[in-house]
Structures are given as C-alpha cells and as structure tokens.
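In mature numbering (1 follows the signal peptide of the UniProt record, and there is no 0), the protein residues as written are -23 to -1, 1 to 1109. Glycine residues also receive a C-beta, built at the ideal position from the N, C-alpha and C atoms. Have a look at the structure below, then the notes.
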Amino acid sequence: MERSRFLLSITLLLLQYSSIVTGAAKTNITTDQSALLAMRSHITSDPQNILVNWSTSTSVCNWVGVTCGARHLRVVSLNLSYMGFTGTIPPHVGNLSFLVALSFNNNSFYGTLPHELSYLRRLKFISLGFNNFMGSIPSWFGSFPKLQRLDLYGNQFSGTIPSTIFNLSTLQDIDLGANKLSGAVPKEIGNLTMLKGIYLDSNNFNEIPKEIGLLDQVEILYVSLNALKGPVPVAVFNMSSLTMLTLDGNSLSGGLPDNICQHLPSLQYLYLGGNQFDGPLPSKLWQCRELLILNLEENNFNGSIPKNIGNLTMMKEIYLDNNNLMGTIPDEIGDLPNLKILSFGDNNLNGLIPTSIFNISTMRALSLSFNQLSGSLPANIGLGLPNLQHLYLTKAGLSGAIPNLSNASMLTKLQLGTNTFTGFIPTTLCALTNLQSLQLDDNNLTIDTSTPEADTLSCLANLGNLTELYLENNPLNARLDDSLRNCSSASKLQYFDLTNSIMSGNIPIGIGNLSSLVSLYLGYNELSGSIPTSLERLGNLQSLYLDGNNLQGYIPYQLCQLDNLFELYLGRNQLSGSIPSCLGNLSASLRTLSLEFNLLSSTIPYTFWRLVDILYVYLSSNSLIGPLSQDIGNLKVVIKVDLSNNHLSGIMPSTIGGLQDLVNLSLANNNLEGPIPSAFDGLLSLEQLDLSRNNLSGVIPKSLEALSLLKYMDLSFNRLKGEIPTGGPFQNFSAQSFVSNKALCGAARLQVPPCKNGTLEPNWRKAKYIIPGIISIILFVASVSIFVLCRKRKVEVAGEATSLPEFLRRRVSHLELLRGTNGFNENNLVGSGGFGSVYKGTLSDGNNVAVKVFNLQLEGAFKGFDRECEILSNICHRNLIKIISCCSEIDFKALVLNYMPNGSLEKWLYFEDYSLNTLERLNIMIDAASALEYLHHGYSIPIVHCDMKPSNILLDDDMVAHVADFGIAKLLGGGDSITQTMTLATVGYMAPEYGLEGMVSTRGDVYSFGIVVMETFTRRKPTDEMFDGEMNLKQWIANSLVLPDAKIDEVVDANLLGIGTEQEDDDHVRKRDCISAIMRLALTCCAESPEERISMKEAVATLNKIKTKFLKDGAAGRGVLLNRPLVQQRFN
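Right, dumping it as structure tokens:
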C-alpha cells in the first residue's frame, strides 16, 4: 500500500514537470515566431509568394527557409537566399537567440543592419551577399565568438574594415568583395590565424599589410580589382598554403622575385595581370609545380619567356599578352601536354612559331596577335589541334598561304587579319561548320573564280553559324553578283566587310536573304548597277556602306523600311534623282547620312528635317537646288552639316543658330544670298564655318565674336561689307578668311582697307593724312616683294610672335651646330632653298641630322622661319620630313630635321650607279601622294606645298619617301579655294594658272605631282632640251598613249622594261600595262583646267589599285598590305 502511494506521487510529479517544460518550449518558439513574423512584415516584395507558408496555423519549424534544432526546438538556421525578396531587416531578428546560420544571399534587402543582430552569439555563418546593404560595416560584427564564415559580398558597404572583426579568432572565411570599402587592409588581419579564405576583391583598398604573411593556413587570397599600389609585400609570397593568389587589376609595380615560387609549393592559380609590374619574368616559375593557370597579362614585363616554363607540365592556361616581351617563343612550350589556352598577344616576340605548339592536342585557344613573328603556318595545322576553338593571329607578321584547317572542326573564331598571307582563300574553310567569326582582312588574298565550286566567298556567306566575315583590303578581284548569287535565308551572318577589295559586278538581289545582317560594308570597290530593292528585307541592318563605287540610278525608297538603320553611306557614286522623302521616317534610328559626290538633284525634301536625332549630314557635291528650310533648326543634336558645292539658293535660315551641338557647318559654293544671321552666335560648339563662294551680303555680325571655339572660318568670295569684327576668334583669322569681299574693311593684317567710321583710329581727322601713308608703304613693300621674295606667303598666322612654338623639346645651340657641320663646311652642304641652305650634321648625341640655315638678309626670312616651325610642329605623317629641334638666336636661325641618308629622288633618277625598278618608283610615288593627301585633306585648313619636284622627295634607309621643303607652303581658307600670290615655284612643275596669274590651290600641287610622276618613269625632266615649241613632257606622254603606232615603250625609261638589252624582261607586258595606267593617272593630274584635275585622295587610291594589280599579276609570293585601322580582338 505504501509502495503504491509512493509510485502515485512520483507519477504526479513527473506529469507536473512535463507540463512546465512543454509550456516553456511553447513560450520560446513563440518568441522565434514573433521575430519571423516581424521579418515577413518588413519584406515589401515577394514575387514568388514564398511567405504564404509563414502562417500561425503552421509550425514555425515547417516554414520555408526555417530549420529548427532537434534538441531545443528553436530556430537554428534562417536561409532566405535566392528568393527575390525586397525589404529591410527588422531588429526583432535579434531575438532568434539559438540562430547558428543566417543566409540572405541574392535578394534585394537594403538599408543598414540593426544593432540587435549582435545578440546572436551562437552564429557561425553569416551570408548577406548580393544585396543592397549600405553604410559602414558594423563594429559589432566582432561580437560573434563562434563565427566561422562572414560573407558580405556584393553590397554597398563603405569606409574601412572595423578592427573589431579581427577579434573573431574562429573565423575561417571572410568575403567583403564587391563593396565600396577603402583604405589599407588593417594589419590586425594577422590575428586571424584560422583563416583559409580571404576575399577582398572589387573595392578600393590601397595597401596589403605585411602581417598577412603570418596566416599560414590561408589557401585563397583574392584582392583583385582594387587600388593597391607599390610592390607586393614579400610576405605574401611566403604564405605556404596558398593555392590561389589573385592580385590582378590593381596598380602594383616593381619586379617580381625571381624565386617567387620557392615558398608556394601548392600554388595552382596565379593572377597578377592588369598591373604595372616590370622587369623580367621570374626565371624560377618552374618551382610552382602545381600551377594550372598563370596570368601576367597587361603589365610591363620585358625580356624573354623563360624556357623552363615547359617544366610546368600541369599548366592549363598561360596569359602573357600586352607586355613588352621580346625574343622567340620557347620550343619547350610544346612540352605542356595539358595546355588549353596560350595567349602571348601584344608583345614584341619574333622568329618562327615553334611547330611543337601545333601538336598540343588539348589546345582550345591560341593567341599570338600583334607580334613580329615570321614564317608561315603548317600546311595541315588542324591535324595536331583537333580541339582548337579560337585562333588569333592578327598582325603577327605571318606570310605564305592559309593552311588547311578542315581538321580543326571545332574552330569558332579564326582571325588572321593584317598579315601578308597570299594566294586563294582556301575552300577548306567552308568545312568549318562551327565557325562564328572569320577575319582575313588586310592581306593579299584573292578568290578563285575559275569554277563556281571554287568560289570560297559563296560558301562562306552561307556557313550556318558564321556571324562575322571580314575580308576587306584584299585584292579579291571577284564579281559580287557571282559570289553571292545564292545567299541562304538561313544565314546567321551579322557583320560582312568587303571594303576596298576590288569587287566588281552588281550587288545581287540575293543579298537580301542575309536577314541577320547588322553591318554591310561594300565601300570603295568597283560595283556598278543599281542599289537592289531587296535590301529592304535586311530588317536588322544598322550600318550600310556602299560609298566609293560606280552605282547608278535612284536611291530606292525601300531603304526607308530599314527601321534600325544607324548609318547610311552612299557617297561617291553616280546616283541620280532626288533624295527620298521617306528618309525622314528613320528619325528614331538614323544618325549618319552620307550622300556626297553624286548626281542628286531637286530640292531637299521637307520631310528630311524630321531626322531630329541625326548627328552627321553629308550632302555636298551634288546638284541640289532650292532654299534651305527653316526646319533645319529641328536637327537639335547635329554635329556636322556639309551642304557645300550644290546649287542651293535663298537666304540662310536663322534657325541654324539654335543648333548648339553643331561643330562643323559648310554651305560653301552655293547660291545663298542675304545676310549672315546674327543668330549664329548661338552656335556655341562651332569649330569650323565655311560660307565661302555664295552671294552673301550685309555686314559680318559682331555677335559671332561669342563663338569662342571657332578655329576656322571662310567667308571669302561673297559680297560682304563693313568692318570685320576683331574680338573673340576673329583675332586668329587671316586674310584668307575674307578674300574677295570688295566692301570689307578692318585691320591692315587682313589686307582690307581701313574703316572710315573712326573705329580703327581714335582721331578720324588724322586718318585722312595717315591712311595714304599706310597705303603707300603697303604698295612699296608689295613691289619689293615681287622681285625679292620668290616664296613670300600672304597668309599670316594670327598672333604670330617672336618666340618659337612650345612643342620643340630640345634646344640646339649655334655652337653645337657649328661643330656638327664642321663650321658649315661646303663639304657638308646638301643643297640650297628659297630661304637658305641645308647642311648635313651630327649632333652631340651622335644622331645625323639635316640643318636648314635661314638667310636673314632676305626680307621675310625670319617670318619664314616662324612659319616653318608652326607648320612642321602640327604635322605628323610618315611621308613628311619631321622637325627635330631648332636654333634661334638674334643673328642665326635654323631648323634641325631628320636626315635622309638615301638622298633625293632626283639623285636616284639621274646619278650614275643609282637605279630604281618599277615597284620602287611606284612605292615612292604612293608615299609622295600620301604626303600631299595629308597636307590637302588631313587638316581643317588645307596646306599647299607649291614646289613639288624630285629634289624635294627624300628617301630614308628603307627607301620610304618623305616630302620636304615647305618654304612656300600656303595655308588656305578651305577646300579648293584659291589664293592669288606672287610666289614662284620651279619652272616646269608649276601649274598653268600658277605661272600665268600667280593663282595657287591644292589643284596646283596635283598638277606638279603629275609632272613628277611622268618624270619618275621616263627619266626626262620637264625642262629637257627636247621639249621646245609646242612639245612638252605632258604632250609627249599623251601622244604615246593615244596616237596610232605610238608605244609607251618609246617614252618609258629603258631601264624599266629592259629595252635595248640582250634579253628583254620577261614581265615586259605586265610592266608596260602598269606604267600605262600610271601615265594615264599622271595626265589626269595634269589636266589644263584645275576643276578637271582629280584630288590627291583619288590619286592615292588609284595608285594603290595599280600597285595591287601589278603585284597580283606577278608572283603570288609578293604581298601588298593595305592600310586599315586595327581592331584588337579579345577572348570572349
């Protein structure tokens, strides 16, 4: 009985204790529930309706993202990662006192973190990455004694790292990357001895402390994309557990230790690219035997690539591009059996590519672009590289034929542009069905058109995955309509470039099937016929370049269906009719319209001015008529407008003044009349204004003085009157800006009469006595100039001062020049020019130079000195003599120029023991033409040479021609405008209008160049005694080309064709055809009327085509490299 009572009592006690425990458990889980419900109320966006599950009718431990502990039934893990939430973190979360893991990754939480989170002392894992938290990192993060991982990656935290974090002795991983943290990484980081991973990338840290080297358990140190500078602390290279070291994308400098790998035996990934390291590559990289990826790109490393790099047999990827490495590529690279990516581009490597590289079967990407390599590619390169996907060899210095790549069937990107590859584009490329990008531009490749099957272009355009095809600047010499007759509508081609490739024929209708095209470049070929209406099917087209061909007919209105068209280039054709009115419908997309140099007529349609977002408008050199609409003011963002050389009439719209972004406006050579609108003062961005050769009247608005950016203005050949403004940009303009306006007046330097209204002279009563005196002086100076100054220049540079331009980097003393020329000894005399003599000299640094000494006894010689300094200081072209320095003393002035060791073209034509073959003479003419093209068209203000002749064409060590002697060069007021001068050029070379009337223009240089071309290939001077009476050099050449029974052989230098030798040159016919084409060009340059002469741009283009054909007709091994801007390609 007693036993029963005892058992009952024990049972009752146990039941009572059970109810107490159960009640306590409910109270605690209720606290967690309240905290989580507060969390839910602070979430403002739940796009996936995840929190529907968070309901009081469901156990907290069953809520999504919530995990409870089995022992205490409390929330131990809250994981809301990747749920798309937006909101803030409430302080109530601090009541989850049993929480061990908190993860909110990849949401849009924002604001600051509440201090109450510091109560969660059991936390081991905090992951708040990829949110929008901001402010400083709270110092209370140091309150978690058990914390092992802290992840704050990808937020907006700023400021420095709080030092309290480095009290977390159990911390193993810290990720603070992709924030806005700055300053130095605190040295206290050395206290975290348990750390294994440090991620501080994508911040603004500027220093790593040496104490970081104390962390011997760290395996990953990730501090890329910061602002680190100076050398890397040596201690970093002693962190023996490191497997990954990434410091790329900083500003670190200095050299790397030669034994960088000595204490890094486990290193697998080394990223040091995108810094400013210099010096040689470490020679003991082989000690990092576990290395898989080596990235040292985009630094300033020099020297050679260590051969022992071949010992890193586990290596998979090597990036050494964009450095200054020299020497050859080590053969030992071929000993890396696991190599997948080899990138050595943008260095100065030379020699052959080791053949062993082409046998690394694991290779996926090979980049050697932009080096100075030599040799050719193996014939069957694809056999040893079956996994190759990317082959980048742009501008690598390679030659020979393009090899068979059909076995490299995985190729997606093949870039071989800007080399000297020759021969046919192989049809085997059509077997590369995975090819996405093919770049063969700027080589000497042709297309085999012997059979339809051999036409590579046809099959390439239809490759199923090809999106980029660049073949520009090759002598392809094929008919476009034959090659693209059967374009597939399944084609994915987006970028197609055949610019300057000697393509002829019509543009085929089938090109409209290439519906994925984004850019189509067919400019500067020999295409004819009309523009096909099928282009309207190219709905994705953004860029259409058909300029520089022989296209005829109307501009099809179907082009207006191209809703995405961004730039349309149809200039320099023979298109006729009117500008389609529907072009105005392209206002949303069109930004550039080029229709210049065609035969377009009629008025500009009123709808044209709907192109409110257009940036560039080129309509010059057509036959457009009618007035300019006031609606031109709608083009609010336009930058350049060129309507010159048309027949526009009426007054200039004042609304032009509202175009505040306009930089260049040319309305020259039209029939515009009336005043210059005073509203033009609103053209605040204007730098160039050409209104010349119209019928404008009235005064020049003084308001134009407000155009502070205006650098060039031409108002010549109008009927303007009144005072020329003097303020603002007008103080920099010369007389050429106002020539042939009979009623203008102003400053004497502008070569106009002084104004009679007293604005130029305080006391007008004195003016009637002073002005005649000034006029007398001017007439006297002009008279003397006729006899003394054969090279006097009428264009004065505004603000001309006695000091020389600041560009001259080095001053050379008179004494140094005396010593360098042996006292200007006659033995050093090279020649004499209009303003003095030229001597060969040697400066104190050992450099040979040409010293041009000015004769100060000649009136205007000092002014000529300043002029040459000014002109040469602004000219930078490979075919123009470059100034090195100058010497300016009171009684001595000289220019120091590059010395040309091979002398002048005249010497090579007429001196014994000197000879030039056909190609050498052609190259020299191309060089000289390129120089003149730059002088005429490379400046906003054209520069006229005035004295082109063989003695002014000098040759350097490589027989590259440089045009010299700008002593009588003239700065013109724009375009082909002409200036009357008393300057005299050399007899025999001067244009007719120059010799008779003293009229000079860029067209006069074209005439002189034509004479030089004739002389170069005939070896006959224009003043040769055989030319008397009506016979002259030009007539002699013309007769050889057109008269019956006449032969070009009879006028050409006998040395070129082998005439008169025992065995005439085997290439006689090829050379004769080439020289005939050159002579026809020369005659075109020497047309009697200046207007009938071609420009130097056209001359250069024609000479290059002649050269291309000459080389193509000869040996296939000869290459021509056409100039084209380079676009560097990178790994995707």
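- According to the DSSP assignment, Asp1050 belongs to the alpha helix (DSSP H) that extends over 1045 to 1062.
- Assignment of Asn288 by DSSP, reduced to helix, strand and coil, places it in the helix class.
- DSSP places Cys537 within a helical segment (H, G or I) once states are collapsed to three.
- CA-to-CA, the gap between Leu205 and Leu249 works out to about 12 Å.
- Per the coordinates, the alpha-carbon of Leu470 lies some 19 Å from the alpha-carbon of Asp540.
- With contacts defined as CB atoms closer than 7 Å, Ala1059 and Val990 qualify as a contacting pair.
- Looking at the DSSP output, Asn672 sits in a beta bridge with Glu650.
- Excluding sequence positions up to five before and after Gly374, its CB lies within less than 6 Å of the CB of Gln349, Leu350, Ser351, all in the same chain and listed in chain order.
- DSSP, reduced to helix, strand and coil, places His240 outside both helices and strands of the structure shown, so it counts as coil.
- Between the stretch 1044 to 1058 and the stretch 422 to 430 there are fewer than three inter-stretch CB-CB distances shorter than 8 Å, so the stretches are not counted as touching.
- Bridge pairing for Cys722: Glu700 [DSSP].
- Looking only at Met902, Thr426, Gln10, the smallest Cα-Cα distance to Ser34 is reached by Gln10.
- If you draw a 10 Å sphere on the C-beta of Asp890, you find fewer than 16 other C-beta atoms in it, and that means exposed.
- Here Leu577 is not near Asn562, since their CB atoms are 7 Å or more apart.
- Listed as beta-bridge partners of Glu544 by DSSP are Ser520, Thr569.
- Approximately 15 Å separates the beta-carbon atoms of Arg341 and Leu370; this is outside 8 Å, ruling out the contact.
- Under the 10 Å beta carbon count, Arg855 is surrounded by fewer than 16 other beta carbons and is classified as exposed.
- A straight-line Cα-Cα distance of about 12 Å links Ser693 and Ala720.
- When DSSP states are grouped into helix, strand and coil, Ser928 belongs to the helix group.
- Met16 carries a helical assignment under DSSP once its states are collapsed to helix, strand and coil.
- Scanning its chain for C-beta atoms nearer than 6 Å, with the 5 sequence neighbours on each side dropped, one finds around Trp40 the residues Asn30, Trp31, in chain order.
- For Cys537 and Gln392, the gap between their C-alpha atoms comes out near 34 Å.
- Taking all protein chains in view, the Cβ of Ser571 is crowded by 16 or more other Cβ atoms within 10 Å, so the residue is classified as buried.
- Under the three-state reduction of DSSP, Met60 is assigned to coil, being neither helix nor strand.
- Put simply, the backbone Cα of Ser669 is about 18 Å away from that of Tyr916.
- When DSSP states are grouped into helix, strand and coil, His624 belongs to the strand group.
- The beta carbon of Glu449 sits closer than 8 Å to the beta carbons of Asp418, Asp419, Asp474, Leu475, Thr476, Asn477, Ser478, Tyr498, Arg1101 from its chain, once the five residues preceding and following it are set aside; these are given in chain order.
- In the DSSP assignment, Glu866 forms a beta bridge with Phe869.
- Taking Leu313 as reference, the option from Pro927, Leu268, Leu354 with the minimal CA-CA separation is Leu268.
- The straight-line gap separating the alpha-carbon atoms of Ala827 and Arg1070 is approximately 34 Å.
- Sorting Ala212, Glu294, Pro259, Ile138 by C-alpha distance to the C-alpha of Leu302 places Pro259 at the top.
- When rounded, the separation of the alpha-carbon atoms in Ile486 and Lys390 is 29 Å.
- About 12 Å separates the beta carbon of Pro533 from that of Ile556, a gap too long to meet the 8 Å contact definition.
- Between Arg1047 and Ile1025, the CB-CB gap reaches or exceeds 7 Å.
- Straight-line measurement puts the Cα of Arg568 at about 47 Å from the Cα of Ser928.
- One thing to note: Leu316 has its Cβ no nearer than 7 Å to the Cβ of Met291.
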